[in-house]
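Using my numbering, read the sequence shown as starting at 294 and increasing by one per residue.
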Amino acid sequence: MDIVVDEWLPDYLRSREEVGIVIEVLKKIFEVCDSIAVMEGSPFMRKIYRVLKESEHWNDPAQILTVRYFIGRFLTNSEKMRRYRGISTNDLPKEVLEAIQDQKDLYLVATLLHSLAQDRGGIILTTDAKLKKGSTGDISRYIVLLKEFLKKYPFKEV
Numbered sequence: 294m295d296i297v298v299d300e301w302l303p304d305y306l307r308s309r310e311e312v313g314i315v316i317e318v319l320k321k322i323f324e325v326c327d328s329i330a331v332m333e334g335s336p337f338m339r340k341i342y343r344v345l346k347e348s349e350h351w352n353d354p355a356q357i358l359t360v361r362y363f364i365g366r367f368l369t370n371s372e373k374m375r376r377y378r379g380i381s382t383n384d385l386p387k388e389v390l391e392a393i394q395d396q397k398d399l400y401l402v403a404t405l406l407h408s409l410a411q412d413r414g415g416i417i418l419t420t421d422a423k424l425k426k427g428s429t430g431d432i433s434r435y436i437v438l439l440k441e442f443l444k445k446y447p448f449k450e451v
């Protein structure tokens, strides 16, 4: 299954208080043999690269180890981090465009739909309650809040 992660992950990497959640999520995904799916050039990837550059100056051991884990197990591992190119939000069907309130989140949906089209299965993992509550139709069942993910992952069925 592909797990499409939004910008909470790089934000949590920056936070000494929340970095433990990142390592917990990454280890679960790695152990279950699922993958993180990203759209190259997306807001998520731009933020990740900024955080990696910033991390060169960090001195908190937990943050440093978590960044190294992310780089070693995901960023440099094409089986664990699927980088999709050539995906466009312009090609999304009208019903999908209408199902998502905030247009900035369309890249997440486009990435998810690309994974689903490849029969990989998938979810969007987010901390954005507005995204979850504001989505309608079939898309809403694929949006999972981080708290729910931590309690219920691995899922029996998505």
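C-beta: ideal position from N, C-alpha, C; glycine also.
All values reported here derive from a predicted model rather than from experimental measurement.
Please report the Cβ distance between residue i and residue j, rounded to the nearest whole angstrom; I am assuming they are in contact, meaning their Cβ atoms lie under 8 Å.
i	j	result
GLY415	LEU405	5 Å
LEU385	ALA403	6 Å
ILE432	ILE380	That pair is no contact at about 16 Å.
SER456	GLU372	It is not possible to answer for residue 456, since the shown part of the chain is limited to 294 through 451.
MET294	ARG413	6 Å
LEU319	TYR362	6 Å
VAL344	PRO303	4 Å
LEU438	ALA422	7 Å
My output table needs one value for residue i: the three-state DSSP class, helix, strand or coil.
i	result
SER348	helix
MET332	strand
ASP304	helix
LYS340	helix
TYR446	coil
ARG366	helix
Return yes when the Cβ of residue j is within less than 8 Å of the Cβ of residue i, no when it is not.
i	j	result
LEU306	VAL360	yes
PHE337	GLU300	yes
LEU418	VAL297	yes
GLU333	LEU443	no
THR382	LEU399	yes
Which residue marks the beginning of the beta strand (DSSP E) containing residue i, and which one marks its end?
i	result
ILE296	295-298
Specify, as a first and last residue, the run of the alpha helix (DSSP H) that residue i falls within.
i	result
PHE323	312-325
ARG361	354-363
Sequence ranges, alpha helix (DSSP H) only - wholly within the segment 370-443, length at least 4: 387-392, 399-410, 422-427
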